[in-house]
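Residue numbers (my numbering): 697 to 985.
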């Protein structure tokens, strides 16, 4: 049984209730062609924490840098990072010619790790040859004073792919729109991303994030949901429609009360993604985890 590699992934939410997603290169060794939240493996040389992994990988894969100047005086005396500098640094970090922490230090920046809220952990099933233990985080862009600003004005760069090395597209999309595209088979998702998009779609409705919506997401993150470690396990065989049944913690098949469902019905592609996922979750994730 393969040992899960520690990794981290970041769900960035903008003020229009859209989340940042990246389309992985179809030729990638892991999860080729699938739409995911930016993220990757923990790197002991670069990352002081899993939050740092999530921020570094988000910068590498999308160009979005969640960092701020370490002092107001420095931000006034030091010119804002221009797009060319950011892009050159991003390429060097991606190619491992520059350490992310050295890039931050050079430009007097600190990663906004405190803005990242825990939003479940997922462990790849034992039967798969490549396994990960992924810590998911969620962050709201309005709360993050991004790098690339001067005189206190916040500037957010539009996400861009990484030149096709791992990612062929990066964009913000509403959770409901991403789920609709998946159901129409225009994109592929994996069960963790489907689960988290569905969770957010139930809260982040409409075209503008309200304080009440952000508060509900923060409440989820601060409670048992944020700390939940999900170990999907497949039931033997297939359902009547030929789908695999992945059970999650607390499902009736995993020791939960009779009738409690916490599972997904999935039709995998064989490359990590799925063409169909149905989430069955009939309990209150705010109160009953």
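Glycine included, every Cβ here is placed at the ideal spot set by N, Cα and C.
Check                                                                                                                                                                                     : Outcome
Which partner residues of residue 814 appear in the DSSP bridge assignment?                                                                                                               : 833
Leaving out the 5 sequence neighbours to the left and right, which residues in its chain are closer than 6 Å to residue 835 when beta-carbon positions are compared?                      : 708, 811, 812
Is residue 866 near residue 762, with beta carbons less than 8 Å apart?                                                                                                                   : no
The beta strand (DSSP E) spanning residue 963 covers which residue range?                                                                                                                 : 958-964
Assuming residue 704 and residue 753 form a contact by the criterion Cβ under 8 Å, report the distance between their Cβ atoms to the nearest whole angstrom.                              : 7 Å
Using DSSP bridges, identify the partner residues of residue 737.                                                                                                                         : 703
Between residue 773 and residue 741, what straight-line distance do the alpha-carbon atoms span, to the nearest angstrom?                                                                 : For residue 773, the predicted model reports a pLDDT of 39, less than 50, meaning its position is unreliable; a value from the coordinates is still stated below. Straight-line Cα distance between these residues: approximately 30 Å.
Might you give, ordered along the chain, the residues of its own chain that have their beta carbon closer than 8 Å to the beta carbon of residue 713, omitting 5 neighbours on each side? : 870, 871, 900, 901, 902, 903, 904, 905, 909
When DSSP labels each residue in this structure, what does residue 718 get in the three-state scheme?                                                                                     : strand
Would you mind reading off the limits of the alpha helix (DSSP H) that contains residue 756?                                                                                              : 746-758
Rounded to whole angstroms, what's the CA-CA distance from residue 894 to residue 912? Just pull it up for me.                                                                            : 14 Å
Note the first and the last residue of the continuous beta strand (DSSP E) segment covering residue 765.                                                                                  : 763-765
Just how far apart, CA to CA, sit residue 718 and residue 884?                                                                                                                            : 11 Å
Can you check which of these residues, 983, 949, 943, is closest to residue 974 by C-alpha distance?                                                                                      : 943
Please classify residue 816 as buried or exposed, where buried requires at least 16 other C-beta atoms within 10 Å of its C-beta.                                                         : buried
Within this structure, are the beta carbons of residue 941 and residue 887 separated by less than 8 Å?                                                                                    : no
My guess is that residue 969 and residue 733 are in contact by the Cβ rule of under 8 Å, so how many angstroms apart are they, rounded?                                                   : About 14 Å; that fails the 8 Å criterion.
What does the alpha-carbon distance come out to for the pair residue 891 and residue 814?                                                                                                 : 15 Å
Starting from residue 727, follow its DSSP beta bridges and name the residues at the other end.                                                                                           : Looking at the DSSP assignment, residue 727 forms no beta bridge with any residue, so it has no partner.
Expressed to the nearest angstrom, what Euclidean distance is found between the alpha-carbon atoms of residue 818 and residue 978?                                                        : 20 Å
When DSSP labels each residue in this structure, what does residue 843 get in the three-state scheme?                                                                                     : Only weak support exists for where residue 843 lies, its pLDDT of 43 falling under 50; the value from the coordinates is given anyway. Residue 843 falls in the coil class under three-state DSSP.
For residue 830, collect the residues of the same chain with a Cβ closer than 6 Å to its Cβ; drop the 5 residues on either side in sequence, then sort them by chain order.               : 703, 705, 818
Jot down the residue ranges of each uninterrupted beta strand (DSSP E) in the stretch 855-906, minimum 3 residues, whole runs only, in chain order.                                       : 863-869
Could you have a look at residue 930 and say whether DSSP puts it in helix, strand or coil?                                                                                               : strand
Given residue 929, which residues of its chain have a CB within under 6 Å of its CB, disregarding the five upstream and five downstream residues?                                         : 943
State the beta-bridge partners of residue 977 as determined by DSSP.                                                                                                                      : 958
Tell me where the beta strand (DSSP E) around residue 920 begins and ends.                                                                                                                : Counting along the chain, residue 920 falls outside any beta strand (DSSP E), though it belongs to the alpha helix (DSSP H) covering 920-923.
Would DSSP call residue 828 helix, strand or coil?                                                                                                                                        : strand
On the criterion of 16 or more Cβ atoms from any shown chain inside 10 Å, does residue 824 qualify as buried, or is it exposed?                                                           : exposed
In chain order, what residues of the same chain lie with their CB nearer than 8 Å to the CB of residue 976, ignoring the 5 residues before and after it?                                  : 957, 958, 959, 960, 961
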